[in-house]
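J.:
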Amino acid sequence: MKNFYLIKIGEISLKKGNRKSFEKQLRFNIKKKLHSPSKITIQRGRFFLETEEEDINNIKYALGTTPGMVSFSRAVKVEKKIETIKKAALNFAKELVIKYPSGTFKIESRRADKGFSYTSYEISALVGEYLLEELPSLKVDVHNPDWIINVEIRNLAYVYGAQEKGAGGLPVGSAAKGMLLLSGGIDSPVAGYLMAKRGLRMDAIYFHAYPYTSDDALEKVKTLASKIAPYLSGLSLFVVPFTEFQLLLKQKAEEEEVTLLMRAGMVKIAEMISKERDGTCLVTGESLSQVASQTVESINYTGSETNLTIFRPLIGMDKEDIIKIATKIDTFNTSILPFEDCCTIFSPKHPLLKPDTTKLKKSFIMLEGEELLKEAAEKAERIYFRP
Amino acid sequence: MLSVQLAAIEMNTFFAYYPCMESIYFDWAATAPILPELPQLISEALFTFQGNPSSIHSSGKKSKTELEYNRKVFAKLLETKPEQLIFTSGGSESNSIIFSSLFLKKPGSHIILSAIEHPSIYEFATNLKSFGYEIDFIKPAANGIIIPENIEKHLKKNTTLVSIMTVNNETGAIQKINEIGKLIRHFEQKNGRKVHFHTDAVQALGKIPFKPGLLNIDSASFSAHKIGGPKGVGMLFLKKPLNVISSGGGQEFTIRPGTENIAGIKAFARAMEISLEKLDINYKLVQSLKTILIDELKKIKGIKFLFDNNFESDYSPYIVNATVAPIPGEVVVRMLSDEGIQISTGSACSSRNSKKKLRVLTASGISEQEASGSIRISLGWSSTKEEILNFSLVLNTIISKLRIYHK
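Chains A and B are the protein sequences, given in the same order. So in my numbering, spot 379 of the first sequence is number 380, and the numbers just go up one at a time. So in my numbering, spot 292 of the second sequence is number 1133, and the numbers just go up one at a time.
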């Protein structure tokens, strides 16, 4: 195999009886992303990936965007001989020296095979000494090094270079399946990302009000879907034609109720499609009191219009924190593109802030829009985005 | 990573298919279709004039000769001196040459602009504010036309630049450039200091009579693709040499350095010849089409004109602006596009930015709602009466359906 990686799982290692199923899911998710033959073996909480994939950046991207691991490092497997271990460490050190020209380092060793003739401390000392001889510009700093080379003695000796941060969390597919309401704004992709890290598999749904919203707005949502797809381990985006329902609202609803009734229509369609896809929950990017439809009262109402649980992972987050994550997952710059939908013409100047759920539920029934919603759900177009 | 299975999204039954004809293009103010003879002319010119006009060998000289020949063609057509014409990449660059030249002058001077300038001027000037320039934006009167005396009133001792566009790209209003120029010249004599008077004449060239050399202006911007030439070619008329900010190989009298686009310039010159040759015929044709169009639009319930006298000689016959408010203009534009009819909301250059797109119309005294409902129908030499009748029919159907929802 061309490349070898050591993957450290985080939260999975806390699992007891069902740990195997989490591990299996993570293994599946990683292999799904690598297009060349790959093998993953699991030993005492460590994942070892061997892959024919040659492009290191591809592997990095695949591993870095897969929830369920805390870190990963490129590694080599060598004979359990101190001389070969030293040489392997030197190869990594040469790469790291280029990255940190006047950096400090440390060797960390673990001896799982107690039959090996040196202790962990001795291994670190010997390898460290060798590196200092070969690369005199190096300095040791055991407290705060710029980089670490790890040596692990198991059935073989494993030497691995710099650790790359993983996405953390749990593997997608280890929890149930949900439906993400994806709007094109900053929040909803972040909500999807956060729930993916809790192991939730998701489809996404977008409400397209053409010709009121432009096709550019749809393209933007597709771009967002493609950007979160690696984290979500792939997703299907459902594009729902929503214009007719919005026009019904425009015609029949009280102006101040339009936004909330529209949200109700959205969760109802999301529920219909979700159920057909074996989904059992919805995910939204709502953050408490960010806009009129996200007050406690408004959230209570929209939540009451569906039987599915709605997860709102951003509910207690500030915009600033949300933007930080959006930047990290590279959705921010797409989200702020100015293809503003002209939904503004459907939204009231003074929307309700503290709606009465009972009254709104009645208003919703008075709309007699169930058939329209069903039709819209049926006409939804599915687009698949690979992880 | 991205795998998209694109299937056309089925339109709602609400937006049922309207029986329609082939594509109708009514967005000539955004760009005109290329004149049929030009693609071949361009491709031949690309082969024939491969030398760099700045080279001193024979193929370079051949290109240089061709370049200067075309400059003379323009000079004759526009009644200017050849050295007053600088080839550029288009209207926006021509405008930017004038505005960026201010950086070489004393900072903090005073500029007067109309509030309805093209974004390449309006945004540039707005940026100049942060460099300490003082800017007065002059709004037009309720008919979209700037009152020349309003410009005069704002002229100050330290005014260095006045910029007023000749024909507005959204309303079609023709500004009284020569009158404004006269007032500026008069002020200069009194004040003893030069004021540069620039006009963006992109929508005027080849459409209404416009001879820069005979007007009281110091510079004017033009673009080839608005008259059926290729995109990426334009021109700046400059009465007198100007110190400019960009430097390079000294081309275009050092005003616009960079190797010249001979094939584009040659095609531009040909487009200029054709459009000036047919200026009167086309003007009359389009004027009569505009009258028909306005009569047809008047029959449609829910359409209003921005200015009551939108069809008099104060306006270019090539541009008709109406409002379908409270229906959003962009919705109508998209629905028309689905029926093969291409028109525009506001200015195509900025219609993606909602905050900025209403600027020109609201500055002309149009309410925000009416401005959001505005649609621009711009005609050209190949537009026909039949197209207008078909367009009006489809527009009527769309608007009468949408009116139910937008009261």
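Glycine included, each C-beta is placed from N, C-alpha and C at the ideal position.
From the DSSP output, in three-state form, read off Leu1234 of chain B for me.
T.: DSSP places Leu1234 of chain B in helix when its eight states are reduced to three.
J.: Can you have a look at Lys917 of chain B and say buried or exposed, based on whether 16 or more other CB atoms are within 10 angstroms of its CB?
T.: Its Cβ having fewer than 16 others within 10 Å, Lys917 of chain B is exposed.
J.: Since Tyr1246 of chain B meets chain A, which of its residues come closer than 7 Å, beta carbon to beta carbon?
T.: The contacting residues are Leu248, Lys251, Gln252.
J.: Work out the CA separation of Phe29 of chain A and Ala76 of chain A for me, nearest whole Å.
T.: Rounded to whole angstroms, Ala76 of chain A to Phe29 of chain A spans 21 Å at the Cα level.
J.: If contacts are defined as beta-carbon pairs under 8 Å, then Lys166 of chain A and Ser72 of chain A qualify, I think. What distance do you get, rounded to the angstrom?
T.: Yes, Lys166 of chain A and Ser72 of chain A are in contact; Cβ-Cβ is about 6 Å, under 8 Å.
J.: Given that a residue counts as buried once 16 or more other Cβ atoms are within 10 Å of its Cβ, and exposed if not, what is His1066 of chain B?
T.: His1066 of chain B should be labelled buried.
J.: If Phe312 of chain A and Gly179 of chain A are in contact, beta carbons under 8 Å, what's the gap, nearest whole angstrom?
T.: With a Cβ gap of about 7 Å, Phe312 of chain A and Gly179 of chain A count as contacting.
J.: Just to confirm, is the Cβ distance from Ile927 of chain B to Arg1097 of chain B under 9 Å?
T.: Yes, these two residues count as a Cβ contact at 9 Å.
J.: Kindly indicate if chain A contains any beta-carbon less than 9 Å away from that of Val1172 of chain B.
T.: Taking Cβ atoms only, chain A reaches closer than 9 Å to Val1172 of chain B, which makes this a yes.
J.: Check Asp56 of chain A in the structure and name its three-state DSSP category.
T.: The answer is coil: DSSP assigns Asp56 of chain A none of H, G, I, E or B.
J.: Examine chain B for any beta-carbon lying closer than 9 Å to the beta-carbon of Leu374 of chain A, and answer yes or no.
T.: It does not: the Cβ of Leu374 of chain A has no partner Cβ on chain B nearer than 9 Å.
J.: Assuming the contact rule is C-beta atoms closer than 8 Å, Tyr207 of chain A and Leu171 of chain A should be a hit. Round their C-beta distance to whole Å, please.
T.: No, Tyr207 of chain A and Leu171 of chain A are not in contact; Cβ-Cβ is about 26 Å, not under 8 Å.
J.: May I ask which residues mark the beginning and end of the alpha helix (DSSP H) holding Phe365 of chain A?
T.: 358-368 is the extent of the alpha helix (DSSP H) around Phe365 of chain A.
J.: Identify the continuous alpha helix (DSSP H) that holds Ser237 of chain A and give its terminal residues.
T.: Taken as a continuous stretch (DSSP letters only), Ser237 of chain A belongs to no alpha helix (DSSP H), being part of the beta strand (DSSP E) at 236-242.
J.: Which residues in chain B sit within 7 Å of Lys349 of chain A, going by Cβ to Cβ distance?
T.: According to the sequence displayed, residue 349 of chain A carries Pro and not Lys. Neighbours of Pro349 of chain A on chain B: none; closest Cβ ~14 Å, over 7 Å.
J.: Relative to the C-alpha of Arg912 of chain B, which candidate in B:Met1076, B:Pro981, B:Gly985 has its C-alpha closest?
T.: When each option's Cα is compared against that of Arg912 of chain B, the closest is B:Met1076.
J.: Between Leu182 of chain A and Lys363 of chain A, what straight-line distance do the alpha-carbon atoms span, to the nearest angstrom?
T.: Those two C-alpha atoms are separated by around 24 Å.
J.: Quick one: which chain A residues come within Cβ less than 8 Å of Arg1217 of chain B?
T.: Within chain A, no residue comes near Arg1217 of chain B; the closest Cβ sits about 17 Å away, beyond 8 Å.
J.: For the stretch 1004-1013 of chain B against the stretch 956-969 of chain B, do three or more pairs of beta-carbon atoms, one drawn from each stretch, fall closer than 8 Å, so that the two count as touching?
T.: The stretch 1004-1013 of chain B, when compared against the stretch 956-969 of chain B, does touch it at the 8 Å Cβ threshold.
J.: Beta carbons nearer than 8 Å to chain B: which residues of the stretch 193-215 of chain A have them?
T.: Answer set for the stretch 193-215 of chain A: His209, Tyr211, Pro212, Tyr213, Ser215.
J.: Mapping DSSP to helix, strand and coil, what is Met1076 of chain B?
T.: Strand, per DSSP.
J.: Grab the span of the alpha helix (DSSP H) containing Asp1 of chain A for me, first residue to last.
T.: The shown model of chain A, from 2 to 388, leaves out residue 1 of chain A, and the question about it has no answer.
J.: Specify the secondary structure class of Met2 of chain A as computed by DSSP and reduced to three states.
T.: Note: Met2 of chain A maps to coil in three-state DSSP.
J.: Roughly how many angstroms lie between the CA atoms of Asn1123 of chain B and Ser1185 of chain B, to the nearest whole one?
T.: Distance between the alpha carbons of Asn1123 of chain B and Ser1185 of chain B: 22 Å.
J.: Do three or more CB pairs link the stretch 97-114 of chain A to the stretch 54-66 of chain A at distances below 8 Å?
T.: Judged by Cβ distances under 8 Å, the stretch 97-114 of chain A makes no contact with the stretch 54-66 of chain A, as fewer than three pairs qualify.
J.: Specify the secondary structure class of Thr105 of chain A as computed by DSSP and reduced to three states.
T.: DSSP places Thr105 of chain A in strand when its eight states are reduced to three.
J.: Going residue by residue through the stretch 988-1027 of chain B, where are the continuous alpha helix (DSSP H) segments of at least 4 residues, counting only ones entirely within it?
T.: The qualifying runs are 989-995.
J.: Are the CB atoms of Ile124 of chain A and Ile323 of chain A within a distance shorter than 9 Å?
T.: Their beta carbons are not under 9 Å apart, which means Ile323 of chain A does not touch Ile124 of chain A by this criterion.
J.: Below 8 Å on the Cβ atoms is my guess for Thr66 of chain A versus Pro231 of chain A; work out the distance and round it to an integer in Å.
T.: The pair is a contact, with the Cβ atoms about 4 Å apart (cut-off 8 Å).
J.: Is there a C-beta anywhere in chain A that falls below 9 Å from the one on Arg1200 of chain B?
T.: Not closer than 9 Å to any Cβ of chain A, the Cβ of Arg1200 of chain B fails to qualify, so no.
J.: According to DSSP, is Lys16 of chain A part of a helix, a strand, or is it coil?
T.: Note: Lys16 of chain A maps to coil in three-state DSSP.
J.: Does the distance from the CB of Ile270 of chain A to the CB of Ala158 of chain A come in under 9 Å?
T.: Against a cut-off of 9 Å, the Cβ pair of Ala158 of chain A and Ile270 of chain A comes out as no contact.
J.: Could you tell me which whole beta strand (DSSP E) segments of length 3 or greater appear in the stretch 886-957 of chain B?
T.: Qualifying beta strand (DSSP E) stretches, in chain order: 926-929, 951-955.
J.: Considering only residues of the same chain and omitting the five flanking positions on each side of Gly932 of chain B, which have a CB-CB separation below 6 Å?
T.: Counting only Cβ-Cβ distances below 6 Å, and skipping sequence neighbours, we find Val1043, Ser1062, Ser1064, Gly1075.
J.: Please look up how many angstroms separate the CB atoms of Tyr119 of chain A and Leu127 of chain A, rounded, as I've assumed it's under 8 Å.
T.: That belief holds up - the Cβ atoms of Tyr119 of chain A and Leu127 of chain A are roughly 7 Å apart, short of 8 Å.
J.: Please state whether the Cβ-Cβ distance between Ile154 of chain A and Arg111 of chain A is less than 9 Å.
T.: Yes, they are a contact pair.
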